[in-house]
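Numbering follows the working numbering, in which position 46 of the sequence shown is assigned residue number 46; successive positions increment by one, without gaps. Read the structure below first, then the notes.
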Amino acid sequence: MSSDDDVIHILKWCISLWRKTVTFFFPLSLLIGLFQQTDFQSILENLTVITTAFSESVKTIFTWYYSKNITKILEIHNELYPIFIKDKHGVLYYKTYVLVCASSFLTIWTTKNKLLYPAYFPFDVNSSAFNFYFAKCFQHVAVVILIYWNIAYDSSQSLLIYLLKQKLKILSLRIEEIGKNTGEHSHVLLKEAVKHHLKLLEFYDLLNQLISWSVFGAFAAITLNLVSTLLMIMYYSDNIFQTLYYLASLLAYPMEIYLSCYYGSKFITITNKLVTAIYSCN
Numbered sequence: 001m002s003s004d005d006d007v008i009h010i011l012k013w014c015i016s017l018w019r020k021t022v023t024f025f026f027p028l029s030l031l032i033g034l035f036q037q038t039d040f041q042s043i044l045e046n047l048t049v050i051t052t053a054f055s056e057s058v059k060t061i062f063t064w065y066y067s068k069n070i071t072k073i074l075e076i077h078n079e080l081y082p083i084f085i086k087d088k089h090g091v092l093y094y095k096t097y098v099l100v101c102a103s104s105f106l107t108i109w110t111t112k113n114k115l116l117y118p119a120y121f122p123f124d125v126n127s128s129a130f131n132f133y134f135a136k137c138f139q140h141v142a143v144v145i146l147i148y149w150n151i152a153y154d155s156s157q158s159l160l161i162y163l164l165k166q167k168l169k170i171l172s173l174r175i176e177e178i179g180k181n182t183g184e185h186s187h188v189l190l191k192e193a194v195k196h197h198l199k200l201l202e203f204y205d206l207l208n209q210l211i212s213w214s215v216f217g218a219f220a221a222i223t224l225n226l227v228s229t230l231l232m233i234m235y236y237s238d239n240i241f242q243t244l245y246y247l248a249s250l251l252a253y254p255m256e257i258y259l260s261c262y263y264g265s266k267f268i269t270i271t272n273k274l275v276t277a278i279y280s281c282n
C-alpha cells in the first residue's frame, strides 16, 4: 500500500470516527445534560438543539437501513426519461443555513463563560481553560456539521420528490399525445406508458419507505424547536448575537421541510392532472 493510500485510509477513518461521534455521542451528551439541568432556561437551550441532533441521527440510521432503496431508485431514474434539474426554490434554503452557521460562529465567542449548550462530558469542563474551550469548540463544530447534514439529507429527499414529480409530469404529457396517434403506433405508446407508470409506482413505494418516518420525525422536532426557540428569544436571550442566532434558527427550522412540502404539493397536483391526461388520450 502506497503512502497516498495510507493517508486516504487514515482520513476516511477519521471522518468515519467523527461522523459516529456526532451521530451518537453528541445527542447522548445533550440528553444526559438535559436531565442534569434544574432551571428552565438551561432546559430550553438544550431542547433547541437536542431534537435536531436526534432527528439527524434518526435520518442517518434510516438512510443506512434503506440504502438499497436509494440504489433501486437511481436504477429506475436511469431507465426512464432524463431530468434536467433547474429550480430556484433551493437558493433561499441554502442561504438560510449559511446565516445559521455565521450567527453560530458569533455566538460561540459572545457567550464566553458557558458552553453553547448544556451537555455531559466525560471530563470536568471547568477544571481548565483547555477542557472548557475544547468542549465548546466540539459543540460548535458538531452544530455546524448538523447544519451540513440537514442540507444533505433534506435536499436529497426533496430532490428525489422533485425527480418523481418531473417524471410523472413527462408521463402525463406523453399520455396526452397518445390520442393524437392512430394505428399500431398508439398501442405501442400506450404499452410503454403503462410500463413507465408501473416503474413510477415502484419509485413512489421505495421513496415512501425511505423518507416517511424521517419527515414525520422532522415535523415533530420542528414543532418542539419552534416553541423552545421562541421562548428563548422572548425571555432568555442575553445579547444581539445570540438573538440573531435564534432568529436564524427560527427561519431555518421550517426551511427543513419547505422543499419537501413544496415538491410534494406539486406532485399531488400533477397526479390529479394525470387522470385528466388519461381521459384526454381517447
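For every residue, glycine included, the Cβ atom is placed at its ideal position computed from N, Cα and C. Bear in mind the structure is a predicted one, so any value in this text is a computation, not a measurement.
Cβ-Cβ distance between Met232 and Thr48 below 9 Å
Cβ atoms of Met232 and Thr48: closer than 9 Å.
Taking the Cβ atom as the reference point for each residue, do Tyr253 and Leu226 lie within a distance shorter than 9 Å?
Contact flag set, yes.
Please classify Ser265: is it buried, with 16 or more other beta-carbons within 10 angstroms of its beta-carbon, or exposed?
exposed
Under 8 Å by Cβ, that's how I've got Tyr117 and Gln36 pegged, so tell me the actual separation to the nearest angstrom.
Contact doesn't hold; Cβ gap of about 12 Å is too wide.
Would you tell me roughly how many angstroms separate the C-alpha atoms of Leu173 and Asn150, rounded to the nearest one?
34 Å
Which of the three DSSP states is assigned to Gln37 in this structure?
coil
Where does the unbroken alpha helix (DSSP H) through Pro254 begin, and where does it stop?
Unbroken alpha helix (DSSP H) run through Pro254: 240-280.
Have a look at Ala142 and Tyr245 and give me their C-alpha separation to the nearest angstrom.
Each residue's alpha carbon lies about 16 Å from the other.
To the nearest angstrom, report how far apart Met1 and Trp13 are at their CA atoms.
At Met1, the pLDDT of 49 sits below 50, so the modelled position is not reliable and the matter cannot be decided from this model.
Can you name, in chain order, every residue of its own chain whose Cβ lies under 6 Å from the Cβ of Ala277, other than the five neighbours on each side?
Ser172, Ile175, Glu176
Pick helix, strand or coil for Pro27, following the three-state DSSP scheme.
helix
Taking just the CA atoms, how far does Asp124 sit from Lys169?
If you take the alpha carbons of Lys169 and Asp124, they lie about 58 Å apart.
Taking the beta carbon of Met255 as the centre, do at least 16 other beta carbons fall within 10 Å, making it buried, or is it exposed?
buried
DSSP three-state label for Ser214, please.
DSSP places Ser214 in helix when its eight states are reduced to three.
For the alpha helix (DSSP H) containing Asn126, list its first residue and its last residue.
No alpha helix (DSSP H) holds Asn126; DSSP gives it neither H nor E.
Taking the alpha helix (DSSP H) that Leu74 belongs to, which residues open and close that run?
Under the DSSP assignment, Leu74 falls in the alpha helix (DSSP H) whose first and last residues are 67-79.
Going along the chain, which residues of its own chain have a beta-carbon closer than 7 Å to the beta-carbon of Leu30, five neighbours each way excluded?
Correct list, in chain order: Asn46, Val49, Ile50, Ala53, Tyr117, Ala119.
Should the segment 155-167 be regarded as contacting the segment 187-204, the criterion being three or more beta carbon pairs within less than 8 Å?
Yes, the segment 155-167 touches the segment 187-204.
Considering only residues of the segment 126-178, which uninterrupted alpha helix (DSSP H) runs meet the minimum length of 4 residues and lie entirely inside it, listed in chain order?
129-178
In whole angstroms, give me the CA-to-CA distance for Val194 and Ile76.
If you take the alpha carbons of Val194 and Ile76, they lie about 15 Å apart.
Considering only their Cβ atoms, is the gap separating Leu224 from Leu299 smaller than 9 Å?
Only positions 1 to 282 of the chain appear in the structure, and residue 299 is not among them; the question remains open.
Identify which residue in Ser214, Ser280, Tyr279, Met234 has its Cα closest to the Cα of Tyr65.
Ser214
If Ile257 and Phe219 are in contact, beta carbons under 8 Å, what's the gap, nearest whole angstrom?
7 Å
Given this structure, state the Cα-to-Cα distance separating Ile73 from Phe134, to the nearest angstrom.
42 Å
According to the Cβ coordinates, are Thr60 and Tyr148 closer than 9 Å?
no
So, Phe132 versus Leu115, is the Cβ gap smaller than 9 Å?
yes
So, are the CB atoms of Gln139 and Ile211 less than 9 Å apart?
no
Whose C-beta lies closer than 8 Å to the C-beta of Ser57 among residues of the same chain, with five residues either side of it excluded?
These residues qualify, in order along the chain: Thr23, Phe24, Pro27.
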